[in-house]
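Undergrad:
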Amino acid sequence: MLISHTITIDDSEIELLAIRSQGAGGQNVNKVATAIHLRFDIHASSLPGFCKQKLLTLHDRRITKDGVIIIKAQEHRSQEKNRQEALDRLKAIIQNATTVRKARKRTRPTGSSREKRLEGKARRGRIKVLRKKVDD
């Protein structure tokens, strides 16, 4: 499976298991195993080291303490659509972990914005002074 132009995962590293879907649906739900249970072991994968590290530090409920990504897809009625959805979700998790966030550039407020802020504070202070009782 192609994740990005530099990262690929071998299909043998992904464990797909067809299980019965939950919820209402009549006889089709009771007879046919349409839901897909996907398991992907991060430690045993061929992902680059930085990618593994990023995935293991993610706070995602789909990643177990042992470093296994577990995804259950049961949205669709067909097994093939659920299989594709599970693979797409795995791809999204890995792509999200591999994207490098751009560093934030610190900026300073302009002189006019500082001046405007101070004028507003002074105006607010004058209004509050006018609310006080008048001394004779």
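By the UniProt record's numbering, the letter at position 67 of the sequence shown is numbered 67, and the numbering carries on one by one without gaps.
All C-beta atoms, glycine included, are put in the ideal place defined by N, C-alpha and C.
Out of V134, K81, K54, R104, which one is the CA nearest neighbour of A97?
TA: On the sequence shown, residue 97 is found 97 positions in, with the first residue counted as 1. With distances taken between Cα atoms, A97 lies closest to K54.
Undergrad: Which residue marks the beginning of the beta strand (DSSP E) containing V129, and which one marks its end?
TA: For this step, residue 129 is matched to residue 129 along the sequence shown. Counting along the chain, V129 falls outside any beta strand (DSSP E), though it belongs to the alpha helix (DSSP H) covering 111-130.
Undergrad: Grouping DSSP H, G and I as helix and E and B as strand, with all else coil, what is K72?
TA: In the sequence shown, counting from the first residue as 1, residue 72 sits at position 72. Here K72 sits in strand by DSSP.
Undergrad: Span of the alpha helix (DSSP H) holding I14?
TA: Along the sequence shown, one-based indexing puts residue 14 at 14. Careful: I14 lies outside any alpha helix (DSSP H), inside the beta strand (DSSP E) at 14-19.
Undergrad: Count the other CB atoms within 10 Å of the CB of N82; is the residue buried (16 or more) or exposed (fewer)?
TA: Indexing the sequence shown from 1 puts residue 82 at position 82. With 16 or more Cβ atoms within 10 Å of its Cβ, N82 is classed as buried.
Undergrad: Shortest alpha-carbon distance to I9 belongs to which of K52, G125, V32?
TA: As a first step, residue 9 is located in the sequence shown; it is residue number 9 there, counting from the start. If we check each option's Cα against that of I9, K52 comes out closest.
Undergrad: Report yes or no: do three or more beta-carbon pairs, one from the region 2-20 and one from the region 40-50, lie closer than 8 Å?
TA: Segments in contact, yes.
Undergrad: Just the Cα atoms here: how many angstroms apart are A18 and I36?
TA: Counting from 1 along the sequence shown, the entry for residue 18 is found at position 18. Counting from 1 along the sequence shown, the entry for residue 36 is found at position 36. Approximately 5 Å between the Cα atoms of the pair.
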